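Numbering (the numbering used here), first residue to last: 270 to 428.
Note that CB positions come from ideal geometry on N, CA and C, so glycine has one too.
Only a predicted model underlies this, so the values are computations on that prediction, with no experimental measurement involved.
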Amino acid sequence: MDAARDLFVELPDEAATAALAALLAGRARQGDVIGLQGPLGSGKTTFARAFIHAYGGGEEEVPSPTFTLVEIYAFAGKPPLWHFDLYRLDAPEEAWELGIEEAWAEGISLIEWPERLGRLLPAEHLLLALSKGGHPGARIARLAATPTWGGRLHGIADG
Numbered sequence: 270m271d272a273a274r275d276l277f278v279e280l281p282d283e284a285a286t287a288a289l290a291a292l293l294a295g296r297a298r299q300g301d302v303i304g305l306q307g308p309l310g311s312g313k314t315t316f317a318r319a320f321i322h323a324y325g326g327g328e329e330e331v332p333s334p335t336f337t338l339v340e341i342y343a344f345a346g347k348p349p350l351w352h353f354d355l356y357r358l359d360a361p362e363e364a365w366e367l368g369i370e371e372a373w374a375e376g377i378s379l380i381e382w383p384e385r386l387g388r389l390l391p392a393e394h395l396l397l398a399l400s401k402g403g404h405p406g407a408r409i410a411r412l413a414a415t416p417t418w419g420g421r422l423h424g425i426a427d428g
């Protein structure tokens, strides 16, 4: 999706961020790659936690993968969900050691700092970039989708 077709969603508070995460979790399918971009403190991990809770249907503990680099969640009857935090990668190729290829094939991948993958980021993905909004706690989400996601974003924002 080119810049002219990106979707922008205003998220006035954490509840709105969780609602967007739940909508996307409900539309996610096996093989999906969702990149979460934004500076430190922009809400990437908050979004990921809400996505994982909505996808799994529970309130299980969702630790940040900042130090482990990846957390894997298994839910009955659903593809596994892989949550990556690539901030500490020194080179894109290090992602292979984390099992990222398996995640792309068998599960749904939430990837914080997807730009660390460089050319390894799959061509088909959804990119969600978060930035701070006009007041504390507010965020602006920019969603850029490749064709596999384009149709599933209908109704999320007025574009």
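Ala374 is classed as exposed because its beta carbon has fewer than 16 other beta carbons within 10 Å across all chains shown. Nearest to Arg411 by C-alpha distance, out of Leu350, Leu389 and Lys313, is Lys313. For Gly325, the enclosing alpha helix (DSSP H) has its first and last residue at Lys313 to Gly325. In the structure shown, Arg411 adopts extended strand secondary structure according to DSSP, grouped into three states. In terms of Cβ geometry, Leu350 and Ile369 do not form a close pair [threshold 8 angstroms]. Judged by DSSP in its simplified three-state form, Trp365 adopts helix.
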